[in-house]
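*Asks:*
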Amino acid sequence: MVKVNKDACIGCGSCAAITDEKVFDIGDDGLAYVKDDFNYEEEKENIENAIDGCPTSAIYEE
(Lines of atoms letter the chains of each structure in order from A and count residues from 1; the text may use other names and numbers.)
(Lines give C-alpha, C1' and ligand atoms only; values in the text may rest on other atoms or scores of the structure.)
Protein backbone atom coordinates (compact mmCIF):
# COMPACT_ATOMS: atom_id res chain seq x y z
CA MET A 1 0.00 0.00 0.00
CA VAL A 2 1.39 3.39 -1.01
CA LYS A 3 0.94 6.39 1.27
CA VAL A 4 1.83 10.07 1.53
CA ASN A 5 3.15 11.54 4.78
CA LYS A 6 1.21 14.82 4.89
CA ASP A 7 3.64 16.25 7.46
CA ALA A 8 6.53 15.86 5.00
CA CYS A 9 4.71 16.68 1.74
CA ILE A 10 5.30 20.13 0.25
CA GLY A 11 2.84 19.70 -2.62
CA CYS A 12 5.40 20.08 -5.40
CA GLY A 13 3.38 17.74 -7.64
CA SER A 14 6.23 15.57 -8.89
CA CYS A 15 4.40 12.40 -7.83
CA ALA A 16 1.27 13.43 -9.74
CA ALA A 17 3.34 14.29 -12.82
CA ILE A 18 5.28 11.03 -12.74
CA THR A 19 2.09 8.95 -12.51
CA ASP A 20 0.07 11.13 -14.94
CA GLU A 21 -2.31 11.75 -12.02
CA LYS A 22 -3.36 8.08 -12.10
CA VAL A 23 -2.04 7.35 -8.59
CA PHE A 24 -1.37 10.72 -6.96
CA ASP A 25 -3.02 14.10 -7.19
CA ILE A 26 -2.86 17.38 -5.29
CA GLY A 27 -5.79 18.04 -2.98
CA ASP A 28 -7.53 21.24 -1.97
CA ASP A 29 -5.08 21.50 0.93
CA GLY A 30 -2.21 21.78 -1.57
CA LEU A 31 -0.74 18.42 -0.58
CA ALA A 32 -0.47 15.14 -2.44
CA TYR A 33 -2.84 12.27 -1.80
CA VAL A 34 -3.18 8.72 -3.12
CA LYS A 35 -6.17 8.06 -5.35
CA ASP A 36 -8.37 5.06 -4.65
CA ASP A 37 -8.99 3.80 -8.17
CA PHE A 38 -5.72 2.70 -9.74
CA ASN A 39 -4.23 -0.64 -10.72
CA TYR A 40 -1.21 -1.16 -8.48
CA GLU A 41 0.45 -3.72 -10.75
CA GLU A 42 0.14 -1.47 -13.80
CA GLU A 43 1.47 1.55 -11.91
CA LYS A 44 4.15 -0.15 -9.78
CA GLU A 45 7.10 1.24 -11.75
CA ASN A 46 5.61 4.75 -11.75
CA ILE A 47 5.00 4.51 -8.00
CA GLU A 48 8.62 3.50 -7.42
CA ASN A 49 9.75 6.44 -9.58
CA ALA A 50 7.49 8.79 -7.60
CA ILE A 51 8.95 7.50 -4.32
CA ASP A 52 12.47 8.04 -5.64
CA GLY A 53 11.58 11.44 -7.09
CA CYS A 54 9.87 12.92 -4.05
CA PRO A 55 12.13 15.73 -2.79
CA THR A 56 11.00 15.31 0.82
CA SER A 57 10.67 11.50 0.88
CA ALA A 58 7.00 11.90 1.78
CA ILE A 59 5.87 8.89 -0.29
CA TYR A 60 6.33 5.41 1.09
CA GLU A 61 4.95 1.89 0.86
CA GLU A 62 3.74 -0.28 3.71
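The opening position of the sequence shown corresponds to residue 2 in this note's numbering, with each subsequent residue numbered one higher.
Ideal Cβ positions, reconstructed from N, Cα and C, are used throughout, including at glycine.
Source: prediction; values computed, not measured.
Please look up how many angstroms separate the CB atoms of F25 and A51, rounded, as I've assumed it's under 8 Å.
*Replies:* Mapped onto the sequence shown, residue 25 falls at position 24. Mapped onto the sequence shown, residue 51 falls at position 50. With 8 Å as the limit, F25 and A51 qualify as a contact, their Cβ atoms being about 6 Å apart.
*Asks:* Around the Cβ of I65, are there at least 16 other Cβ atoms within 10 angstroms (buried) or fewer (exposed)?
*Replies:* Any question about residue 65 goes unanswered here, given that the chain covers just 2 to 63.
*Asks:* Can you tell me which of S15, I11, T20 puts its alpha carbon nearest to the alpha carbon of E42?
*Replies:* Against the sequence shown, residue 42 aligns to sequence position 41. Of S15, I11, T20, the residue nearest in Cα terms is T20.
*Asks:* Of the residues I60, K23, A59, which one's Cα is nearest the Cα of F64?
*Replies:* Outside the shown range of the chain, which is 2 to 63, sits residue 64, and nothing can be said about it.
*Asks:* Does DSSP put E22 in a helix, in a strand, or in coil?
*Replies:* Translated into the one-based positions of the sequence shown, residue 22 becomes position 21. In this structure, E22 counts as coil in the three-state DSSP scheme.
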